[in-house]
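Engineer:
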Amino acid sequence: MQVPAPFEYERATSVEHAVALLENLGSEARIIAGGHSLLPMMKLRLATPEHLIDIGDLTDLAYIREEGGEVRIGALARHRDVLESDLLAERLPIFADAERVVADPVVRNRGTVGGSLCQADPAEDLSAVCMALGAQLVIRGSGGERVVPMRDFHVGPYETAVGDAEMLLEVRVPLRPDMGSAYEKVERRVGDWAIAAAGVALSFDGGTIAEAGIGLAAVGPGTVHLTRAEDALRGQAPSEELFAQAAKIAGEDCAPTADQRGPVDYKRQLAGELTHRALRRAAARALQQEV
Ligand SMILES: Cc1cc2nc3c(=O)[nH]c(=O)nc-3n(C[C@H](O)[C@H](O)[C@H](O)COP(=O)(O)OP(=O)(O)OC[C@H]3O[C@@H](n4cnc5c(N)ncnc54)[C@H](O)[C@@H]3O)c2cc1C
């Protein structure tokens, strides 16, 4: 049986309390939210925190709302909340696309948005979603809040911009005019991590693409941000040829490794194909066409 190393346990009663505990207990303290990533790592002794700070009671952070031209998602919103949100289904359907294929209902009932993003697993689906959407992440420490763009949030595999005495509070997604978004994933079996996945967000100005965002999961050492493909899309009219060009760039600009989920060439091919499909679906949603 796998058993974690000994640790002390604290329950935070407020964000201020959680931050004060983090500050007082030092770098060997870790936040626990749903525990679906951290506890397995502790059982394998890949993580050996001396103190766990449980933020599960901070239900004020479980919101999903529209405010100031943005959708704001609290760090404690669970996968299931995201999947079932009418606001997200209407404004940012990429979230429901992704959540339908995140793990299984047991994980989705407990796992949180904050835990997912802070785990910074390169195959993690919501990070690719947030990359595509150009999300901003609100981080709270004892000195106040700071906002970090998603492209700077992951500083390496399993490493984020959140400092030892800080926590992630909120995800902010800017809403743009005539916007469409979509997520495409291929996994080996239902509930598995991606072999490859692509998230796309497009907004339009008249007949041309005003803004494009693309994030890939599982095909690099971190979430892949496809800036070259985004540049190729911006200012252009949507077409199958244009999307094929961006898909080709996706295959070139990702950096998969061979593993039990497949060889490198297959993953590059898949990244391109999924990017193409997500572009097609995001554009159709923005332009209210049948996919
Ligand atoms: C069987 C299984 C299958 C899975 N399949 C998928 C999948 O297909 N796709 C996918 O994307 N994910 C998948 N996951 C991962 C799942 O989405 C995450 O485990 C989960 O959502 C993480 O959230 P949590 O609240 O449980 O995080 P926790 O395990 O509590 O924490 C994870 C990490 O984030 C830190 N943390 C948590 N909240 C905060 C915060 N607010 N501020 C700062 N740090 C914080 C913790 O300290 C820890 O380091 C799977 C997990 C399991 C167990």
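Our numbering applies: residue 948 is where the sequence shown begins, and numbers increase by one.
Backbone N, C-alpha and C fix where the C-beta goes; we use that ideal spot for every residue, glycine too.
In this text, all values refer to a predicted model and were calculated from it rather than measured experimentally.
1) Throw me the rounded Cβ distance for the Gly1103 and Gly1169 pair, which I believe falls under 8 Å.
2) Please list, in chain order, all residues of the same chain as Leu891 whose beta carbon is under 6 Å from its beta carbon, the five residues on each side excluded.
3) If you scan the stretch 1137 to 1213 from start to end, which runs of the alpha helix (DSSP H) of 4 or more residues do you find wholly inside it?
4) State the start and end residues of the unbroken beta strand (DSSP E) segment that holds Gly1021.
5) For Pro996, is the classification buried or exposed, using 16 other Cβ atoms within 10 angstroms of its Cβ as the cut-off for buried?
6) What I want to know is whether the C-beta of Pro987 ends up closer than 7 Å to one or more non-hydrogen atoms of ligand 1.
7) Determine the DSSP secondary structure at His1101, reduced to helix, strand or coil.
8) Roughly how many angstroms lie between the CA atoms of Gly1153 and Leu1180, to the nearest whole one?
9) Could you give the first and the last residue of the continuous alpha helix (DSSP H) run that contains Val1030?
10) Taking the straight line between their C-alpha atoms, what separation do you get for Ser974 and Gly1110?
11) Which residue comes first and which comes last in the alpha helix (DSSP H) that contains Glu1046?
12) Under a Cβ-count criterion, where at least 16 other Cβ atoms within 10 Å of its own Cβ denotes burial, should Arg939 be classed as buried or exposed?
13) In whole angstroms, what is the alpha-carbon distance linking Val966 and His983?
14) Kindly indicate which three-state DSSP category Ala966 falls into: helix, strand or coil?
15) Tell me the residue span of the beta strand (DSSP E) that contains Asp1072.
16) Using beta-carbon positions only, say whether Ile1041 and Tyr1130 come within less than 8 Å of one another.
17) Does any heavy atom of ligand 1 sit closer than 7 Å to the C-beta of His964?
18) Alpha carbons only, please: which of Leu986, Ala1043 and Ala1112 is nearest the one belonging to Leu968?
19) Where do the ends of the alpha helix (DSSP H) carrying Arg1057 lie?
20) Should Val1133 and Leu1217 be called a contact, given that it needs their Cβ atoms to be closer than 8 Å?
21) Have a look at Val962, Val1147 and Ala1141 and flag the residue whose alpha-carbon is nearest the alpha-carbon of Asp1206.
22) I'd like to confirm something about Val1049: is its beta-carbon nearer than 7 Å to some heavy atom of ligand 1, or not?
23) With 16 as the cutoff for other CB atoms within 10 Å, does Pro1069 come out buried or exposed?
24) Between Gly1167 and Ala1143, what straight-line distance do the alpha-carbon atoms span, to the nearest angstrom?
25) Using beta-carbon positions only, say whether Ala1075 and Ala1164 come within less than 8 Å of one another.
26) Would Ala952 be called buried (16 or more neighbouring beta carbons within 10 Å of its own) or exposed?
Structural biologist: On the basis of the supplied data:
1) 7 Å
2) Outside the modelled stretch of the chain, which goes from 948 to 1238, sits residue 891, for which no answer is possible.
3) 1174 to 1180 and 1187 to 1200
4) Glu1017 to Gly1021
5) buried
6) yes
7) strand
8) 15 Å
9) At residue 1030 the sequence reads Leu, which differs from the Val that was named. His1026 to Glu1031 is the span of the alpha helix (DSSP H), which, as asked, contains Leu1030.
10) 9 Å
11) Ile1041 to Glu1046
12) It is not possible to answer for residue 939, since the shown part of the chain is limited to 948 through 1238.
13) 22 Å
14) First, the residue type needs correcting, since residue 966 is Val and not Ala in the sequence shown. Helix at Val966.
15) Asp1072 -> not in any beta strand (DSSP E); alpha helix (DSSP H) instead, spanning Asp1072 to Ala1079.
16) yes
17) no
18) Ala1112
19) Pro1052 to Arg1057
20) yes
21) Ala1141
22) yes
23) buried
24) 10 Å
25) yes
26) exposed
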